[in-house]
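Report on one structure; see the data block that follows.
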Amino acid sequence: MYTEFIMLLSGRTLEEDQARDLSAKLEAMIREPEDWMLELECEDVGQLAVELTLCDFFLIGDKIDELHELISDEFAEPLKPFPQRDGDRKMLASEYFAWLDGELEACDPPWALLEWRNGLDDNLHVVIVRRSDTGRILALAGEMGFHVRPARGD
Numbered sequence: 001m002y003t004e005f006i007m008l009l010s011g012r013t014l015e016e017d018q019a020r021d022l023s024a025k026l027e028a029m030i031r032e033p034e035d036w037m038l039e040l041e042c043e044d045v046g047q048l049a050v051e052l053t054l055c056d057f058f059l060i061g062d063k064i065d066e067l068h069e070l071i072s073d074e075f076a077e078p079l080k081p082f083p084q085r086d087g088d089r090k091m092l093a094s095e096y097f098a099w100l101d102g103e104l105e106a107c108d109p110p111w112a113l114l115e116w117r118n119g120l121d122d123n124l125h126v127v128i129v130r131r132s133d134t135g136r137i138l139a140l141a142g143e144m145g146f147h148v149r150p151a152r153g154d
């Protein structure tokens, strides 16, 4: 189950043996958390273990415009610039994620952004996945007790 989860979260860019290796590492982190993270809550250990194992695929930012640049950098063709509002009104995260969801859906293949809850800081932790894999990722995350949701501005 971990191997499939890792493969899907990586956008299917890993070789099968790489995914298996990362899966074994992740499972060991989750099963024996006291060996490497004595101070974390058990719930946070699993979340962090996935993020650490797949750190090349997670994007972390403290502001949505900063996060937008990180997301855009992941694509061969950059995304449209961060949308600006008229006047002094700042764009809300929910508005941005709703806009971004449409942009990612229009890509070929269609992509989606998932928010990964991280109880250790206030940053936004996200991962870009194939839109067609979103349902399966969310189902696996639910089965394994991970806190993840689509970043659609809902």
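Counting from 1, position 153 in the sequence shown corresponds to residue 153 in the UniProt record's numbering; the numbering is continuous, with no gaps.
Idealized CB from N, CA, C, for every residue including glycine.
Fair warning: this is a prediction, and the values are worked out from it, not measured in the lab.
Separation of Asp88 from residue 163, as counted between CA atoms = Outside the shown range of the chain, which is 1 to 154, sits residue 163, and nothing can be said about it.
If we ignore side chains and look at the alpha-carbon of each, how far apart do Asp21 and Lys90 end up?
-> For the purposes of this step, residue 21 is taken as the residue at position 21 of the sequence shown. For the purposes of this step, residue 90 is taken as the residue at position 90 of the sequence shown. CA-to-CA, the gap between Asp21 and Lys90 works out to about 43 Å.
Backbone secondary structure at Arg85 - three-state DSSP | Mapped onto the sequence shown, residue 85 falls at position 85. Residue state, collapsed to three classes: coil.
Leaving aside the five residues before and after Gly145 along the sequence, list all residues of the same chain whose C-beta is less than 7 Å from its C-beta, in chain order.
-> Position 145 of the sequence shown, counting from 1, holds the residue named residue 145. Closer than 7 Å at the Cβ level, and outside the excluded window around Gly145, lie Gly46.
Where the alpha helix (DSSP H) containing Leu120 begins and where it ends | Numbered from 1 along the sequence shown, position 120 holds the residue referred to as residue 120. Run containing Leu120: none; DSSP gives neither H nor E here.
Under the three-state reduction of DSSP, which class applies to His147: helix, strand or coil?
-> For the purposes of this step, residue 147 is identified with residue 147 of the sequence shown, where counting begins at 1. It is coil, neither helix nor strand.
Mind checking Met1: buried by the 16 CB within 10 Å criterion, or exposed?
-> As a first step, residue 1 must be located in the sequence shown, where it is residue number 1. Exposed, because fewer than 16 other Cβ atoms sit within 10 Å of the Cβ of Met1.
Write down the C-beta distance between Arg130 and Pro150 rounded to the nearest angstrom, noting that I regard them as a contact closer than 8 Å.
-> As a first step, residue 130 must be located in the sequence shown, where it is residue number 130. As a first step, residue 150 must be located in the sequence shown, where it is residue number 150. With 8 Å as the limit, Arg130 and Pro150 do not qualify as a contact, their Cβ atoms being about 13 Å apart.
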